[in-house]
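Sequences listed follow chains A and B, in order. Straight run, no breaks: the first sequence in the numbering used here ends on number 343. Straight run, no breaks: the second sequence in the numbering used here ends on number 336. Don't be surprised by glycine CBs; every beta carbon is placed ideally from N, CA and C.
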Amino acid sequence: MSETRRPSPHRQSPVELETVQADDALLDALGSGVAVPGDDELAAMLGAWRADLDTEPLPALRYEALPTPAISGDGGWAPGPDGETQVLPTVDATHSSRSRRTVVPLRPRTVRLAVAAAVVIATAGGVSVAAAGAQPSDPLWPVVKIVHPGVADVRAAQDAIDKAREAVDEHRYDDARLLIDRAATLVARVRDPQQVQRLRTELDQLRAMLPASPPGTGRPTPTQPHGQTPSPAPSTGPSTAPGAGVGSPSPSPSSSTGHGLLPPLLPGLPSLLPSILPHL
Amino acid sequence: MTAPHPQLVERAVQGDPQATATLIEQIRPNVVRYCRAHLGRIGGRHTTADDVSQEVCIAVLRSLPAFRDQGRPFTAFVYGIAAHKVADAQRAAVRHLAVTPVEAINDQPDAAPGPEQHALNTDTARRLSELLTHLSDLHREIIVLRVAVGLSAEEVGGAVGMSPAAVRVAQSRALSRLRNLAGTVFNEVPA
Chain A
64 MSETRRPSPH RQSPVELETV QADDALLDAL GSGVAVPGDD ELAAMLGAWR
114 ADLDTEPLPA LRYEALPTPA ISGDGGWAPG PDGETQVLPT VDATHSSRSR
164 RTVVPLRPRT VRLAVAAAVV IATAGGVSVA AAGAQPSDPL WPVVKIVHPG
214 VADVRAAQDA IDKAREAVDE HRYDDARLLI DRAATLVARV RDPQQVQRLR
264 TELDQLRAML PASPPGTGRP TPTQPHGQTP SPAPSTGPST APGAGVGSPS
314 PSPSSSTGHG LLPPLLPGLP SLLPSILPHL
Chain B
146 MTAPHPQLVE RAVQGDPQAT ATLIEQIRPN VVRYCRAHLG RIGGRHTTAD
196 DVSQEVCIAV LRSLPAFRDQ GRPFTAFVYG IAAHKVADAQ RAAVRHLAVT
246 PVEAINDQPD AAPGPEQHAL NTDTARRLSE LLTHLSDLHR EIIVLRVAVG
296 LSAEEVGGAV GMSPAAVRVA QSRALSRLRN LAGTVFNEVP A
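What follows is the structure, encoded as structure tokens:
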């Protein structure tokens, strides 16, 4: 038709420049979501198609959702043969335990420790994470867990240790033992050797502050009088030896007290970190 | 679609949680449309496509720390991931359909909001979806990225590994093919 025919580098027949330009403009308009005037039937179809994509509301983003089983949700798809175990009910153990027992408010000291930990992470961890990064109690924590699982592991462990220390300070030793076990599990997930060393040292110090008596069967009295506290036994922790306990991440000991206090630990993490935790 | 600001991407890559959350919220509507465009409705709903879009967003989040190393535009990074996830889902769907009766695929349009116009749009949209299946993979991807997502020809070029000029030629060919295909079915479509 027109004289502006170009030799095309492609094997198919050349396309008119005018057509290319008109089509480009049409696609720009369609892509911006505006209605395209005119009687171009294909343009109308493309416009209707594009509009149809927006008819259902935007689904909520679920940070905790896991890759494989997400497909099987309500779409009626068959899950993968080994996908079942990844469907984990609880979203975030840290959140749920906090909301269930609102005993432990965030103290200024805890905040300082957390900020200090974040700074340590930012400098030592090799990842330049903003010092104001989220903590486990933060609404943005799920984002951190996904984007920087290594950082999240350290913070989660630190958070558990802080809570254990508070329990020790308040002489809630049953709670403290559970929290220490949980922290040990979390520490076992940390990759950075320096962080592991530091966190284990903190854990050992906490264990040394526990009374020597074996874990009593369920006396969850949060406000024990001070007179009841035995002198801190310097030898070893009652349930687990300081050195060995850290290396054994099995969460089973916590069930012995029947507290129901601690749900499965950060259920979103295992499947996100298959290389760290080959079986969970 | 306006691409996310490079500074926002940079802050997110560095681990700023707020920037990361903002970034993902910016790209999410487009990712959702991308997945819906490719996967369509099942049982009259986009549930499956939305699940896949969820996976894409999570995968983008997890891959963010590695983004800079790849030296690609951010949109290319996102839709590279999205293309893989959609392909995975399509393979899974084929496997599933191979062993399951097709009754799950129900073409009833959703009658909820503004029933008539909505049904008409859905019907037209479904016809176009059908036409798209007759395009080559590359042409279909270009149309989806240009129309459903709203990327520019330049951005599409980054995503599919072509020059913008080559994208423009290819998209014209794709439209031409669609017009030819549509011509064979337009007779039955009320204008």
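Practice item. Answer yes or no: does any C-beta atom of chain A fall closer than 7 Å to that of N175 (chain B)? Key: no
Point to revise | Given A107 (chain A) as reference, the closest of B:D268, B:H284 and B:L290 once Cα atoms are compared | key: B:D268
Review point. CA-CA distance, A182 (chain B) and T192 (chain B)?
Key: 12 Å
Check your understanding: Roughly how many angstroms separate the alpha carbons of G317 (chain B) and G295 (chain B), rounded to a whole number?
Key -> At residue 317 (chain B) the sequence reads Ser, which differs from the Gly that was named. The alpha-carbon atoms of S317 (chain B) and G295 (chain B) are separated by roughly 16 Å.
Practice item. Starting from the Cα of L262 (chain A), find the closest Cα among A:E229, A:M272, A:D232 and A:A219 and give me that residue. Key: A:A219
Review point. Within 7 Å (strictly less), CB to CB, does G185 (chain B) reach chain A?
Key: no
Practice item. Using beta-carbon positions only, say whether L209 (chain B) and A166 (chain B) come within less than 7 Å of one another. Key: no
**Study point:** Proximity below 7 Å, CB of L269 (chain A) to CB of V292 (chain B)
**Key:** no
**Study point:** Per-residue DSSP class, three states only, for R186 (chain B)
**Key:** coil
Check your understanding: Nearest CA to the CA of A247 (chain A): which residue from A:Y236, A:Q260 and A:R235?
Key -> A:Q260
Practice item. Take the Cβ of G328 (chain B) as the centre, count every other Cβ of all protein chains shown within 10 Å, and call the residue buried at 16 or more, exposed below. Key: exposed
Review point. What residues from chain A crowd round A166 (chain B), counting only those whose CB sits closer than 8 Å?
Key: L203 and V206
Review point. DSSP state of V99 (chain A), grouped into three classes?
Key: coil
Point to revise | As assigned by DSSP and simplified to three states, the class of M307 (chain B) | key: coil
Point to revise | Straight-line gap, D201 (chain A) to L326 (chain B) (C-alpha atoms, nearest Å) | key: 53 Å
Exercise for review: State buried or exposed for R173 (chain B), treating a residue as buried only when at least 16 other CB atoms are found within 10 Å of its CB.
Suggested key: buried
Point to revise | Closest residue to A339 (chain B) among A:P212, A:P199 and A:L105 (Cα-Cα distance) | key: Outside the displayed range of chain B (146 to 336) lies residue 339 (chain B), so it cannot be described from this structure.
Check your understanding: How is Q159 (chain B) classed by DSSP in three states: helix, strand or coil?
Key -> coil
Check your understanding: Near Y224 (chain B), which residues of its chain fall below 6 Å by C-beta distance, leaving aside the five closest residues on each side in sequence?
Key -> A304
Point to revise | Where P337 (chain B) falls: helix, strand or coil (DSSP) | key: Since the first and last residues shown for chain B are 146 and 336, residue 337 (chain B) lies out of range.
Exercise for review: Below 7 Å CB to CB, which residues in the same chain sit around V197 (chain B) once its five sequence neighbours on both sides are set aside?
Suggested key: C180, L184, K230, V231 and A234
Practice item. Compare the C-beta of A148 (chain B) with all C-beta atoms of chain A and state if any pair is closer than 7 Å. Key: no
Point to revise | When A:D267, A:L273, A:G94 and A:I243 are compared against A223 (chain A), the one with the closest alpha-carbon | key: A:I243
**Study point:** CB of V206 (chain A) within 7 Å of CB of P149 (chain B), strictly
**Key:** no
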